[in-house]
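Notes to accompany the following structure.
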Amino acid sequence: MGYWGYYVVGRSERPLAELDALAEAGGGGGLVLRTTAPDGWQVWEYPSGQGEMGNMTTLARETGAPALFGYVMDSDCVAVEAAAPDGGAWTACLAREAMARYVGGEGELGVDDYFLEPADAVDRAVAWAAEAGHTVPAQPLLGVLTEASDPERGQLAENLFFRFLDRLGVVPL
Numbered sequence: 028m029g030y031w032g033y034y035v036v037g038r039s040e041r042p043l044a045e046l047d048a049l050a051e052a053g054g055g056g057g058l059v060l061r062t063t064a065p066d067g068w069q070v071w072e073y074p075s076g077q078g079e080m081g082n083m084t085t086l087a088r089e090t091g092a093p094a095l096f097g098y099v100m101d102s103d104c105v106a107v108e109a110a111a112p113d114g115g116a117w118t119a120c121l122a123r124e125a126m127a128r129y130v131g132g133e134g135e136l137g138v139d140d141y142f143l144e145p146a147d148a149v150d151r152a153v154a155w156a157a158e159a160g161h162t163v164p165a166q167p168l169l170g171v172l173t174e175a176s177d178p179e180r181g182q183l184a185e186n187l188f189f190r191f192l193d194r195l196g197v198v199p200l
């Protein structure tokens, strides 16, 4: 069994766990600081992912900076929700083929109904990074958005998520 849980990424002078936007995650009690990066970027972890995380639009509004979370599902795939104060919200997924096994079914909505196609997600990610003050190339982001996971061979979805953060210019590997 792989990892299940959230990673929350934002920029703030205060710890993200103390912000009202993340009150649904237990008022910060369930959040654990994973790492910090230059310019006030923080990555918090909410292991197990039991309960609600909160809303990234609310977090972006409260911090005045872009924010995102990644919900890792069994180290197989990651649902990404991102928002920026001016750029709005968007969703994408990492390890798309694996995600297709978790969402939808016959006659139900599928992965394409919930998440942007990789090329569209790249456009939104580049704009998100620009609002964060970073100029990033599209191709490396597309590479991460189209890469597969394989937990049995050590290619974990959570590693894809941190590679995605690196390509956004937020948290270097």
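Residue numbers (the numbering used here): 28 to 200.
Heads up, the beta-carbon is just placed ideally off N, CA and C, and yes, glycines get one too.
Of all the options G29, T62, M80 and T63, which has the alpha carbon lying nearest to the alpha carbon of L46?
M80
Straight-line CA distance for F189 to V198?
8 Å
Tell me which residue opens and which closes the beta strand (DSSP E) that G37 is part of.
Here the beta strand (DSSP E) through G37 covers G32 to R38.
In this structure, does DSSP put A169 in helix, strand or coil?
A small fix is needed here, since residue 169 is Leu in this sequence, not Ala. Three-state DSSP puts L169 in a helix.
With DSSP as the reference, please indicate the residues paired to V59 in a beta bridge.
BP columns for V59 point to E72.
Leaving out five residues before and five after T118 in sequence, what residues of the same chain have Cβ atoms less than 6 Å from its Cβ?
E108 and F142
Just the Cα atoms here: how many angstroms apart are G134 and E144?
Answer to the nearest angstrom: the Cα atoms are 20 Å apart.
Given a cut-off of 8 Å on the beta-carbon distance, is the pair T84 and A116 in contact?
yes
Leaving aside the five residues before and after A127 along the sequence, list all residues of the same chain whose C-beta is less than 6 Å from its C-beta, in chain order.
V138
Compute the Euclidean distance between the alpha carbons of L58 and A146, then round it to the nearest angstrom.
32 Å
Do you know offhand how far T62's Cα is from E89's?
If you draw a straight line from the Cα of T62 to the Cα of E89, it comes to about 20 Å.
Coil, strand or helix - T118 by DSSP
Strand.
Taking its Cβ as the centre, do 16 or more other Cβ atoms sit within 10 Å of G97, making it buried, or is it exposed?
Classification for G97: buried.
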